[in-house]
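**Student:** If you scroll down you'll find the structure; I have some questions about it.
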Amino acid sequence: MFRWAFIVLDDLLALFTLKTLQRRLLFSPLDLSTHFSGIGTAELAAHCLDIASQQLLGHSLGFAFVSSCESAPVSQRVLKQRVHADTCIITDVLARCPAAKELFATSSALGCLPRPVEEIWNELRLTGCKAQAGKCYQHNSLDCPTPRSKGDLSGTPCQCWSTFGLRKTTSSHLIILLLVWALWVRWAKPLFLVHENVRGFEPTFLEWLLGDMYDMVTLRVDPSHMGLHFARRPRIYVVLWLIGQIVQVADITKTYLHVTAAFEREFPCRYPLSSAFISTEEEQQQEYDNSKKKKQQQKKARLDLEEVRPSAHRQWEGLLTDKQRGYLKMYLAKWKEEHYADTGILPEEDPSCLFDLSQDPAQKPRQSRNGMAPTAVLIYELQDLCFLLLFLAWDLV
Ligand SMILES: [Zn+2]
């Protein structure tokens, strides 16, 4: 699995030659940051590339992570094990913009943004970013400065863009987190950014937030591009670079395609995903929608049943076997014949009415040798609409 970094650099060597690559990748040091860092996969990937560079190019890439930013306590603990002791682990991206923090709290309670996203973005841009980052888990302090880095690798929250998140997009309160990240970008001005999100992400949204400062290119990335043919997590990566500060020496899209071809040679796809999944992604989505609809219908049916419970005993007949249903019919007829004429009470209205559906009403109930009832009886209780399985344990008597 960790060979990927060697394959990438090996292919870049073939594309650009050793001397060119050494010159282009000799950074000292290259300050990096991550946001929405999770358990530090971006940090780990950078470390893998660095090791590969030391082996293949003969020098370190000089990556220096100045800060991560992660709100989940479990992930913070993992990050602390992964990053250098100097690297800040900021616990709340919103802390660097109090206006956004307040807005996030009210929007979460509402479940959506109180105003159009355009208005909110304009408001936040007026307030700007604080120089203090808020709580730092790594240094147990409130004094760590808001990071400034030369490069940032961030995967902003995807729930607002994913199909399973109901595609609330820009009306979701989670979009505020992306706005605060963009606010920080405008303040810190990293030379380059790599932004990751799910397939439903709209790169035009980043153009709207940062397009006046950054040029960008979108890559549609699939795990199969790295030889992981049985994984389905397609992603949209947007690579951004600060206008006027970065000279592009190669076409990013073409280079990416070149590298993915190297993976294809290394891990040819003998068995395409379609051989394991007979349905297409659209069909799977359809299946997901159907099952969701079915669950909602079942929930509604359950609620309906609870409402009309006293007269809904027929719902339970679906759980009976054909034989039991036949017995029930005979029991009901017999019961009406024997009791209804006298009392005028229907079997389902009489709390004392119990039928043993394991016994054929046309025959005499079976008796054990000592005259006790059988070990287990399935009783259909009309009053409470439930089945009782009674263990009478006559063997033990
Ligand atoms: Zn710190």
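Every position in the sequence shown, counted from 1, becomes a number in my numbering once 175 is added.
A virtual CB, placed ideally from N, CA and C, is assigned to each residue, including glycine.
Is the beta carbon of W359 less than 9 Å from the beta carbon of T331?
**Tutor:** The residue given as residue 359 occupies position 184 in the sequence shown. The residue given as residue 331 occupies position 156 in the sequence shown. It is not a contact, given that the beta carbons lie outside the stated cut-off.
**Student:** So is the beta-carbon of A308 under 8 Å away from any non-hydrogen atom of ligand 1?
**Tutor:** In the sequence shown, the residue the question calls residue 308 occupies position 133. Yes; taking the cut-off as 8 Å, the Cβ of A308 has a heavy atom of ligand 1 nearer than that.
**Student:** Closest to E245 by C-alpha separation, out of K468, R477, T262, would be which residue?
**Tutor:** Within the sequence shown, numbered from 1, the residue matching residue 245 stands at position 70. If we check each option's Cα against that of E245, T262 comes out closest.
**Student:** Run through the DSSP bridge pairs and tell me what D390 is partnered with.
**Tutor:** Counted from its first residue, the sequence shown places residue 390 at position 215. Beta-bridge pairing links D390 to W416.
**Student:** Name the two residues that bound the continuous beta strand (DSSP E) containing V369.
**Tutor:** The sequence position of residue 369 within the sequence shown is 194, counting from 1. Residues 367-373.
**Student:** Out of curiosity, what's the CA-to-CA distance linking Y515 and T496?
**Tutor:** Start at 1 with the first residue of the sequence shown, and residue 515 comes out as number 340. Start at 1 with the first residue of the sequence shown, and residue 496 comes out as number 321. The straight-line gap from Cα to Cα measures roughly 26 Å.
**Student:** Taking C-beta to C-beta, are E492 and L503 nearer than 9 Å?
**Tutor:** As a first step, residue 492 is located in the sequence shown; it is residue number 317 there, counting from the start. As a first step, residue 503 is located in the sequence shown; it is residue number 328 there, counting from the start. Yes. Within cutoff.
**Student:** Taking only runs that begin and end inside the stretch 230-264, name each unbroken alpha helix (DSSP H) of 4 or more residues, in chain order.
**Tutor:** Counting whole runs of 4 or more residues, the stretch 230-264 contains the alpha helix (DSSP H) stretches 248-257.
**Student:** Could you check the C-alpha separation between T473 and L529 for me, to the nearest Å?
**Tutor:** Walking along the sequence shown from the start, residue 473 turns up at place 298. Walking along the sequence shown from the start, residue 529 turns up at place 354. According to the sequence shown, residue 473 is Gln rather than Thr. Their backbone Cα atoms lie some 29 Å apart in a straight line.
**Student:** If distances are taken between C-alpha atoms only, which option among L366, R395, L317 comes closest to P378?
**Tutor:** Locating residue 378 in the sequence shown gives position 203, where the first residue counts as 1. Measuring from the Cα of P378, the nearest candidate turns out to be R395.
**Student:** With a CB to CB cut of under 7 Å and the five nearest residues on each side skipped, what residues in its chain are close to F442?
**Tutor:** Translated into positions along the sequence shown, residue 442 becomes position 267. Within the same chain, F442 has close Cβ partners G402.
**Student:** With three or more beta-carbon pairs closer than 8 Å as the criterion, would you say the stretch 213-227 touches the stretch 183-191?
**Tutor:** Counting Cβ pairs under 8 Å, three or more are found: they touch.
**Student:** Which same chain residues, not among the five before or five after G215, have their C-beta less than 7 Å away from its C-beta?
**Tutor:** Locating residue 215 in the sequence shown gives position 40, where the first residue counts as 1. Taken in chain order, the residues that qualify are S243, V253, L254, R257, V258.
**Student:** What does DSSP give as the partner residues of T209 in its beta bridges?
**Tutor:** Numbered from its first residue, the sequence shown carries residue 209 at position 34. T209 pairs with L328.
**Student:** DSSP on S316, reduced to helix/strand/coil?
**Tutor:** One-based indexing of the sequence shown puts residue 316 at position 141. Residue state, collapsed to three classes: strand.
**Student:** Check whether the Cβ atoms of S235 and D327 lie closer than 9 Å to each other.
**Tutor:** Stepping through the sequence shown from its first residue, residue 235 is reached at position 60. Stepping through the sequence shown from its first residue, residue 327 is reached at position 152. The answer is no: Cβ separation not under 9 Å.
**Student:** Would L188 pass as a contact of L219 if the rule is Cβ separation under 9 Å?
**Tutor:** Within the sequence shown, residue 188 is the residue found at index 13, counting from 1. Within the sequence shown, residue 219 is the residue found at index 44, counting from 1. No, the Cβ-Cβ distance between L188 and L219 is not below 9 Å.
**Student:** Am I right that C319 and C311 are in contact with their C-beta atoms under 8 Å? What's the rounded C-beta distance?
**Tutor:** For the purposes of this step, residue 319 is taken as the residue at position 144 of the sequence shown. For the purposes of this step, residue 311 is taken as the residue at position 136 of the sequence shown. The Cβ separation is near 4 Å, so the contact holds.
**Student:** Rounding to the nearest angstrom, what Cα-Cα distance links V413 and H370 in this structure?
**Tutor:** Position 238 of the sequence shown, counted from the start, is the residue given in the question as residue 413. Position 195 of the sequence shown, counted from the start, is the residue given in the question as residue 370. Rounded to whole angstroms, V413 to H370 spans 5 Å at the Cα level.
**Student:** If you check the beta carbons only, do F367 and L432 fall under 9 Å apart?
**Tutor:** Start at 1 with the first residue of the sequence shown, and residue 367 comes out as number 192. Start at 1 with the first residue of the sequence shown, and residue 432 comes out as number 257. Not in contact: F367 and L432 (Cβ atoms no closer than 9 Å).
**Student:** For S283 and C335, what's the separation of their Cα atoms in angstroms?
**Tutor:** Residue numbering aside, residue 283 sits at position 108 when the sequence shown is read from its first letter. Residue numbering aside, residue 335 sits at position 160 when the sequence shown is read from its first letter. Approximately 13 Å, taken between the alpha carbons.
**Student:** Which residue from R410, L417, L349 puts its Cα closest to that of R361?
**Tutor:** Position 186 of the sequence shown, counting from 1, holds the residue named residue 361. Of the candidates R410, L417, L349, the one whose C-alpha sits nearest the C-alpha of R361 is L417.
**Student:** Taking S324 as the reference, which of K364, K498, F438, V392 has the closest Cα?
**Tutor:** Position 149 of the sequence shown, counted from the start, is the residue given in the question as residue 324. Looking at the Cα atoms, K364 is the closest of the given residues.
**Student:** Taking Cβ positions, are A144 and Q313 nearer each other than 9 Å?
**Tutor:** Look at the range of the chain in this structure, 176 to 572, and you will see that residue 144 is not part of it.
**Student:** Got a sec? Which residues, its chain only, sit under 8 Å from F191 by beta carbon, not counting five neighbours each side?
**Tutor:** Mapped onto the sequence shown, residue 191 falls at position 16. The answer, listed in chain order, is R199, A425.
**Student:** Any idea if N372 is buried or exposed, counting beta-carbon neighbours within 10 angstroms, 16 or more meaning buried?
**Tutor:** Locating residue 372 in the sequence shown gives position 197, counting from the first residue. Its Cβ being crowded by 16 or more others within 10 Å, N372 is buried.
**Student:** Would you identify the three-state DSSP class for C444, choosing helix, strand or coil?
**Tutor:** Stepping through the sequence shown from its first residue, residue 444 is reached at position 269. Coil, per DSSP.
**Student:** Thinking C-beta only, is F279 closer than 9 Å to C333?
**Tutor:** Counting from one through the sequence shown, the residue named residue 333 turns up at place 158. Counting from one through the sequence shown, the residue named residue 279 turns up at place 104. Taking 9 Å as the Cβ cut-off, C333 and F279 do not qualify as a contacting pair.
**Student:** Comparing alpha-carbon positions, which option in P398, G419, H404, Q420 lies nearest R410?
**Tutor:** As a working note, residue 410 is residue 235 in the sequence shown. R410 has its Cα closest to that of P398, out of P398, G419, H404, Q420.
**Student:** I'd like to check one pair, L201 with G237: are the Cβ atoms closer than 9 Å?
**Tutor:** Here residue 237 refers to the residue found at position 62 when the sequence shown is read from its first residue. Here residue 201 refers to the residue found at position 26 when the sequence shown is read from its first residue. Yes, they are a contact pair.
**Student:** From which residue to which residue does the alpha helix (DSSP H) around R501 run?
**Tutor:** Within the sequence shown, residue 501 is the residue found at index 326, counting from 1. For the sequence presented, residue 501 should be read as Gly rather than Arg. 497-510 is the extent of the alpha helix (DSSP H) around G501.
**Student:** Would the C-beta of S316 count as close to ligand 1, meaning under 8 Å from any of its heavy atoms?
**Tutor:** Taking the sequence shown and counting its residues from 1, one reaches residue 316 at position 141. S316 Cβ: within cutoff of ligand 1.
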